[in-house]
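Enquirer: Chains as they are written, first to last, in the working numbering: chain A, 1 to 247; chain B, 1 to 255.
Using N, Cα and C, we set each Cβ at its ideal position, and we do this for glycine too.
Handing you a structure now.
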Amino acid sequence: MGKSVSVWYLAAAVFLTIVWWIASEIVQLPIIPSPLLVAENMSDIFMDYIAIHSIYSLWRIAAGLLLAVVVGLPLGVIMGYFPKWDRFLSPLVYLTYPIPKIALLPILMLLFGVGESSKIIMIFLIILFQVVVAVRDGIRAIPRETLYPLYSLGAGFKDIFFEVLWPASLPKFITAIRVALATAISVLFFTETFGTRYGMGYFIMDAWLRVNYLEMYSGIVVLSLIGLVLFTTIDLIEQHACHWQYK
Amino acid sequence: MIKVENVSVKYKTDSDMYTAIANVNLEIPDGGTCAVIGPSGCGKSTLLKCIAGLIPEYEGQVYINGEEVNPRVQTIGFMPQNYGLLPWKTVVDNIRLGMKIKKAPELLDRNVIKQLMRQLGIEGLGHRYPVELSGGQQQRVALARVFALQPDVLLMDEPFSALDAITREEMQDIFLNLWRKFNVSTIFVTHYVEEALYLGQKIVVLSAHTGGISQIVDNPLFGGKDIRKKQEFFEMGLKLRNLIKKDWNQIWENQ
Ligand SMILES: Nc1ncnc2c1ncn2[C@@H]1O[C@H](COP(=O)(O)OP(=O)(O)OP(=O)(O)O)[C@@H](O)[C@H]1O
Ligand SMILES: [Mg+2]
Numbered sequence: 001m002g003k004s005v006s007v008w009y010l011a012a013a014v015f016l017t018i019v020w021w022i023a024s025e026i027v028q029l030p031i032i033p034s035p036l037l038v039a040e041n042m043s044d045i046f047m048d049y050i051a052i053h054s055i056y057s058l059w060r061i062a063a064g065l066l067l068a069v070v071v072g073l074p075l076g077v078i079m080g081y082f083p084k085w086d087r088f089l090s091p092l093v094y095l096t097y098p099i100p101k102i103a104l105l106p107i108l109m110l111l112f113g114v115g116e117s118s119k120i121i122m123i124f125l126i127i128l129f130q131v132v133v134a135v136r137d138g139i140r141a142i143p144r145e146t147l148y149p150l151y152s153l154g155a156g157f158k159d160i161f162f163e164v165l166w167p168a169s170l171p172k173f174i175t176a177i178r179v180a181l182a183t184a185i186s187v188l189f190f191t192e193t194f195g196t197r198y199g200m201g202y203f204i205m206d207a208w209l210r211v212n213y214l215e216m217y218s219g220i221v222v223l224s225l226i227g228l229v230l231f232t233t234i235d236l237i238e239q240h241a242c243h244w245q246y247k
Numbered sequence: 001m002i003k004v005e006n007v008s009v010k011y012k013t014d015s016d017m018y019t020a021i022a023n024v025n026l027e028i029p030d031g032g033t034c035a036v037i038g039p040s041g042c043g044k045s046t047l048l049k050c051i052a053g054l055i056p057e058y059e060g061q062v063y064i065n066g067e068e069v070n071p072r073v074q075t076i077g078f079m080p081q082n083y084g085l086l087p088w089k090t091v092v093d094n095i096r097l098g099m100k101i102k103k104a105p106e107l108l109d110r111n112v113i114k115q116l117m118r119q120l121g122i123e124g125l126g127h128r129y130p131v132e133l134s135g136g137q138q139q140r141v142a143l144a145r146v147f148a149l150q151p152d153v154l155l156m157d158e159p160f161s162a163l164d165a166i167t168r169e170e171m172q173d174i175f176l177n178l179w180r181k182f183n184v185s186t187i188f189v190t191h192y193v194e195e196a197l198y199l200g201q202k203i204v205v206l207s208a209h210t211g212g213i214s215q216i217v218d219n220p221l222f223g224g225k226d227i228r229k230k231q232e233f234f235e236m237g238l239k240l241r242n243l244i245k246k247d248w249n250q251i252w253e254n255q
């Protein structure tokens, strides 16, 4: 399975590169450079210029994601497992869930400054709600009957959590992260265009302002590669942890 | 021994309290079997859950081996209607789960599990997941799971009702064999009169009308050879069916 999936990724990459190449041949303008030139430029400058920016972006994503899981997972478990808490917390979640998180950016920047923390909190907020709702719904969907044999053996909350709640909500949890991460990356790009001199967003916008299209394209390619790595990692984790689902 | 004394269970609904079962008294000797039968909604599952210690608030007492029921103290094997297997665990891990929770490493004896699986004809399925099993195979795994615990009490809610008639009779025989071997006091809910007659030493008829027991029948046919084909079996079945119907009619008359 893993092999055939990577073949498809490769095919998609080849296809997109060909489309890009044809476009560059037709247009013949610096705004669409040939993929060959971009590849050449990328290998020249990656270690010296781009790597540090991609590490900054990855760090922000990782920190926001980790924070969202650390807060969201327990919240989702509590809401899904204890109806009383859910009655109290659900309205809060539903009132704040639909707000486009990007609209909060000005407030975050006023509160936390334009530096690292507002960028990380932005990602945290985007992923948090998805995680809470997914975990809660995953746990709610567990039939009571599944729990009875464990209760009748005197299972405590720890047993219930590790044997049932966690594995039952894991697929939804991973899907939520996958969905939220796509949004988080595009919002990160936006927030990196100010208040920092590091990050892929900064690098790409900076190259653009310097009218250095080759570097700009290199940045875009690296950004999509980062996305690819993140999503394949999530896929791999899912295949490993939820393989019972694909039976 | 299972002893149920004056047990009543009330459920809180939006407006008031609903009495699901009222004043149930019941005694099952060590290693005995008891069938609970009655119309839908009469509180069969409620009674079973109560004995399993799954209902936090009830009136009256439930004793298992002389002690008040407590899932942490006694080993209570509970088999819900849909088998309650965990889809993310393999067959073997599902069977082992109970021991893991009971923290009973002395029971984690591979040989016991192996033997049970062989006896149930699922020895080759250990590494499969529940979705890869037929209903009858899932049922066997569920049986292996409860019997592997060698529980003080075995409680089964409509254990074989999801199976086709032939598989059901086969499973009933498999259950009887296991029960004879392990000698576990068993209470099971069923809505098949034949099942109650075949597997129950005692048959408790619950009433939807009063919420209590309308009759306890000591089953003279239990354990006989090939009783399913005998005339008395049909006659007893008819009698039981009429008992249950009478209870139904009383509800209609009261409405
Ligand atoms: N958690 C609950 N809250 C409120 N009422 C409940 C609850 N569980 C069961 N009841 C009610 O109690 C009554 C008995 O339910 P129970 O599930 O014990 O019936 P049953 O005899 O097992 O029925 P069936 O044969 O259909 O499974 C029903 O009227 C049901 O609506
Ligand atoms: Mg029931």
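Taking C-beta pairs closer than 8 angstroms, name the residues in chain A that Q139 of chain B reaches, listed in chain order.
Expert: Here the premise fails: no neighbours, minimum Cβ distance about 14 angstroms.
Enquirer: Whose C-beta lies closer than 6 angstroms to the C-beta of E238 of chain A among residues of the same chain, with five residues either side of it excluded?
Expert: Counting only Cβ-Cβ distances below 6 angstroms, and skipping sequence neighbours, we find I174.
Enquirer: Is the closest heavy atom of ligand 2 to the C-beta of S341 of chain B under 6 angstroms?
Expert: Outside the shown range of chain B, which is 1 to 255, sits residue 341 of chain B, and nothing can be said about it.
Enquirer: Quick check: the Cα distance between Y11 of chain B and G43 of chain B, rounded to an integer number of angstroms?
Expert: Using only the alpha carbons, I get a separation of about 11 angstroms.
Enquirer: Tell me, to the nearest whole angstrom, how far the beta carbon of L170 of chain A is from that of A241 of chain A; I am working on the premise that it is less than 8 angstroms.
Expert: Correct: roughly 6 angstroms between the Cβ atoms.
Enquirer: Closer than 7 angstroms, CB to CB, is L238 of chain B near chain A or not?
Expert: Chain A, which has no Cβ nearer than 7 angstroms to the Cβ of L238 of chain B, makes this no.
Enquirer: Take N70 of chain B as the anchor and find which of A:V179, A:S224, A:A184, A:Y151 has the nearest alpha-carbon.
Expert: Per the Cα distances, A:Y151.
Enquirer: When you compare the CB of N94 of chain B with every CB in chain A, is at least one pair closer than 7 angstroms?
Expert: It does not; no Cβ of chain A falls within 7 angstroms.
Enquirer: Cβ closer than 8 angstroms: which chain B residues qualify as neighbours of V164 of chain A?
Expert: Within chain B, the residues near V164 of chain A are L86.
Enquirer: In the DSSP assignment, the alpha helix (DSSP H) including S54 of chain A goes from what residue to what residue?
Expert: Its alpha helix (DSSP H) spans residues 51-81.
Enquirer: Among the candidates B:G77, B:I251, B:D173, whose CA atom is the shortest distance from the CA of A208 of chain B?
Expert: Nearest of B:G77, B:I251, B:D173 to A208 of chain B, Cα basis: B:I251.
Enquirer: What residues of chain A sit near N82 of chain B, judged by a beta carbon separation below 9 angstroms?
Expert: Correct list: P143, E145, T146.
Enquirer: Work out the CA separation of Y83 of chain B and A162 of chain B for me, nearest whole Å.
Expert: Computed Cα separation, rounded: 10 angstroms.
Enquirer: Quick check on M1 of chain A - is its C-beta less than 7 angstroms from some C-beta in chain B?
Expert: Any reading at M1 of chain A needs caution, since the residue's pLDDT is 47, under 50, leaving its predicted position unreliable; the model's value is listed next. No, its Cβ sits nowhere closer than 7 angstroms to a Cβ of chain B.
Enquirer: With 7 angstroms as the C-beta to C-beta threshold (strictly closer), list the residues of the region 53-66 of chain B near chain A in chain order.
Expert: So the list reads G53, L54, given in the order they occur along the chain.
Enquirer: Could you tell me whether the Cβ of F78 of chain B comes closer than 7 angstroms to any Cβ of chain A?
Expert: So yes, F78 of chain B belongs to the interface.
Enquirer: Who are M17 of chain B's beta bridge partners in DSSP?
Expert: According to DSSP, which records beta bridges pairwise, M17 of chain B is partnered with B:K12.
Enquirer: Looking at S45 of chain B and D157 of chain B, is the spacing between their C-beta atoms short of 7 angstroms?
Expert: Closer than 7 angstroms, so yes.
Enquirer: Nearer than 6 angstroms: is that true of the beta carbon of Y11 of chain B relative to any heavy atom of ligand 1?
Expert: Yes - ligand 1 has a heavy atom lying nearer than 6 angstroms to the Cβ of Y11 of chain B.
Enquirer: Any heavy atom of ligand 1 within a distance shorter than 6 angstroms of the CB on S169 of chain A?
Expert: No - ligand 1 has no heavy atom lying nearer than 6 angstroms to the Cβ of S169 of chain A.
Enquirer: To which residues of the same chain is L10 of chain A closer than 7 angstroms at the C-beta, ignoring the five residues directly before and after it?
Expert: Here the set comprises nothing.
Enquirer: Under a CB-based cut-off of 7 angstroms, is Y323 of chain B close to chain A?
Expert: Because residue 323 of chain B is not part of the residues shown, which for chain B are 1 to 255, the question remains open.
Enquirer: Which residues bound the alpha helix (DSSP H) around K229 of chain B?
Expert: That residue, K229 of chain B, is in no alpha helix (DSSP H); it is neither H nor E in DSSP.
Enquirer: For V114 of chain A, I'd like the list of residues in its chain whose CB is within less than 7 angstroms of its CB, leaving aside the five on either flank, ordered along the chain.
Expert: Closer than 7 angstroms at Cβ, skipping near neighbours: F194, G195.
Enquirer: Going by DSSP, what residues sit across from C34 of chain B in a beta bridge?
Expert: For C34 of chain B, which the question treats as bridged, DSSP gives the partners B:I187, B:K202.
Enquirer: Measure how close the beta-carbons of V93 of chain A and V133 of chain A come, nearest whole angstrom, since I'm counting them as under 8 angstroms.
Expert: Sure, about 7 angstroms apart at Cβ, within 8 angstroms.
Enquirer: Assuming V146 of chain B and L133 of chain B are in contact, meaning their beta carbons sit under 8 angstroms apart, how far apart are those beta carbons, in whole angstroms?
Expert: That belief does not hold up - the Cβ atoms of V146 of chain B and L133 of chain B are roughly 17 angstroms apart, past 8 angstroms.
Enquirer: Which residue wins for smallest C-alpha separation from I251 of chain A, given the options A:A207, A:I107, A:L223?
Expert: The requested residue 251 of chain A is not part of the displayed model; chain A covers only 1 to 247.
Enquirer: Inspect the beta-carbon positions of P151 of chain B and I216 of chain B and report whether they are closer than 7 angstroms.
Expert: No, the Cβ-Cβ distance between P151 of chain B and I216 of chain B is not below 7 angstroms.
Enquirer: What does L155 of chain B pair with, by DSSP beta-bridge criteria?
Expert: Bridge partners of L155 of chain B: B:F78, B:I187.
Enquirer: How is I18 of chain A classed by DSSP in three states: helix, strand or coil?
Expert: Helix, per DSSP.
Enquirer: For chain A, is any of its Cβ atoms less than 7 angstroms away from the one on E158 of chain B?
Expert: No, no contact with chain A.
Enquirer: Ligand 1 and S15 of chain B: does any heavy atom of the ligand fall closer than 6 angstroms to the residue's C-beta?
Expert: No; taking the cut-off as 6 angstroms, the Cβ of S15 of chain B has no heavy atom of ligand 1 nearer than that.
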